[in-house]
Amino acid sequence: MGYRALRRARHFDERALVLQRQGRLGVYPPFRGQEAAQVGVALCLKADHDWLLPSYRESAAALTFGMPISKLILSWRADPAGWGAPPNVNMVQFYIPIATQIPQAAGVAHAQQLLGKDAVAAVFIGDGGTSEGDFHEGLNFASVFNAPLLVVVQNNGWAISVPTQKQMKVQRIALKAQGYGIPGVTVDGNDLVAVWSVAREAVERARRGEGPTLIEALTYRVAPHTSSDDPSRYRTEEETERWLKRDPLLRMKNCLLHLGLWSEAQEAELTEELEAEFLSAVEEADRAPEPKPWEIVEQVYQEMQPDQQAAWNYLRGEA
């Protein structure tokens, strides 16, 4: 199950980049190399009970959590049909602004307490986002109210082109948890089993009412920051090559082959299955009706504000 989720995420990422190059997606943020850090956490959550608050790079977590591929494709087309999640998937839309998801995730987690639920909220952020004030405010709130929250930092050593050591003096981001009186754990983010183990412990702790955990997953995004980025301008090929040897899929596959739990025949069968699933999802996304211009203002607030209503009327030709 875990390896299949990794392969499914990688397959989506590779095909999504192809769609972007074909002009069938907008700007796309690939995550190749970071699959285990996302999938390992998502496997510990219940989509119809817990909550997932992803940043823009967590398509792997979203897929594993239960978001349909067709929805993800539409989302990265900026199509309103891709906004939101199915009723049985408690996931909010991908966050594009940096770190704003942290205080909101703390609020979602605290709301579960107030509702008397044992649900957990998991939120993702990159190493660069931990330098934002929202990160501090969210963790401080979650700590004070003992909220059932997992804050997962995918530390890939770069905030676009700025290395981690130029952002902070602490050796490990997990050490920042001490300032909030909560546990902080550093884990090999390219080891699916290690991430799953740490995340499961944090989820169980949160369900028991013991509060939030900060998880720092050490990983590396071998792909560009986005489909419009050129990483060769700020990092070396040698660095990327070192991390390619620690590819999370390769490590998991070799482990399963060594234990006799997987075969190349099963690998070929899985690849064929994933390709068929993706092509079917693309066809489904392509059948979505062309979005209307006024739809862009319809989902900002639950009820339209006066300026939204005016824009909505104008776009509909009713002004």
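Going by full-length UniProt numbering, the sequence shown opens with residue 1, and the numbers climb by one from there. For every residue, glycine included, the Cβ atom is placed at its ideal position computed from N, Cα and C. Fair warning: this is a prediction, and the values are worked out from it, not measured in the lab.
Query	Result
With a cut-off of 8 Å on the beta carbons, I'd call Trp76 and Gly26 a contact; round off their distance for me.	6 Å
Taking the beta carbon of Gly133 as the centre, do at least 16 other beta carbons fall within 10 Å, making it buried, or is it exposed?	exposed
Give the single residue among Lys71, Ala78, Ala99, Thr100 whose Cα lies nearest to the Cα of Pro87.	Lys71
For the 8 Å Cβ check, are there 3 or more pairs between the segment 102-114 and the segment 125-143?	yes
Among Val120, Val198, Arg172, which has the Cα closest to the Cα of residue 389?	Nothing about residue 389 can be reported from this structure: the residues present for the chain run from 1 to 319 only.
Distance, Cα to Cα, Asp307 vs Pro291?	21 Å
What residue range is occupied by the uninterrupted alpha helix (DSSP H) comprising Asn313?	306-315
Kindly indicate which residue of Leu19, Arg10, Ala9 has the alpha-carbon position closest to the one of Val282.	Leu19
Who are the Cβ neighbours of Gly82 in its own chain at under 6 Å, not counting the five residues just before and after it?	Lys71, Leu74, Ser75
Which residues bound the beta strand (DSSP E) around Val185?	184-188
Report whether the distance from the Cβ of Leu114 to the nearest heavy atom of the ligand NAD is below 7 Å.	Within the structure as shown, the ligand NAD is missing, as the structure has no ligands at all.
Check each candidate in Gln101, Gln154, Glu58 and name the one with the smallest Cα separation from Ala217.	Gln154
What residue range does the beta strand (DSSP E) around residue 328 cover?	As displayed, the chain neither begins before 1 nor continues past 319, which places residue 328 out of reach and without an answer.
Using CA coordinates, which residue listed in Val300, Glu303, Glu295 is at the minimum distance from Tyr314?	Glu295
So, at 7 Å on beta carbons, what are the nonlocal neighbours of Tyr180 in its own chain, with the 5 sequence-adjacent residues on each side left out?	Leu139, Asn140, Ser143
According to DSSP, Phe124 sits in a beta bridge with which residue or residues?	Val152
Alpha carbon to alpha carbon, how far is Val222 from Gln34? Give it in angstroms, no decimals.	8 Å
Quick one: residues in its chain with C-beta nearer than 6 Å to the C-beta of Val203, no 5 flanking neighbours on either side, listed in chain order?	Cys44, Val120
Taking Leu6 and Ala36 to be in contact with their CB atoms under 8 Å, please state how far apart those CB atoms are, rounded to whole angstroms.	7 Å
For Pro87, which three-state DSSP category applies?	coil
Given this structure, state the Cα-to-Cα distance separating Ala206 from Ala147, to the nearest angstrom.	8 Å
Note down, one range per segment and in chain order, each alpha helix (DSSP H) of at least 4 residues found wholly within the segment 219-287.	237-244, 248-258, 264-286
Just to confirm the assignment, what range does the alpha helix (DSSP H) spanning Leu52 have?	First-last for Leu52: 51-53, but that is the beta strand (DSSP E), not the alpha helix (DSSP H).
Is the separation between the beta-carbon of Ala177 and that of Leu150 shorter than 8 Å?	no
Are residue 324 and Leu52 close, meaning C-beta to C-beta below 8 Å?	Residue 324 lies beyond the stretch modelled for the chain, which goes from 1 to 319, so this question has no answer here.
Helix, strand or coil: how does DSSP classify Trp158 here?	strand
CB-CB under 6 Å to Ser228, same chain, minus the five flanking residues each way: which ones, in chain order?	Val27
Roughly how many angstroms lie between the CA atoms of His49 and Gly66, to the nearest whole one?	12 Å
Assign Arg21 to buried or exposed, taking buried as 16 or more other Cβ atoms, counted over all protein chains shown, within 10 Å of its Cβ.	exposed
Give me the residue from Gly211, Trp262, Leu279 with the minimum Cα distance to Glu14.	Leu279
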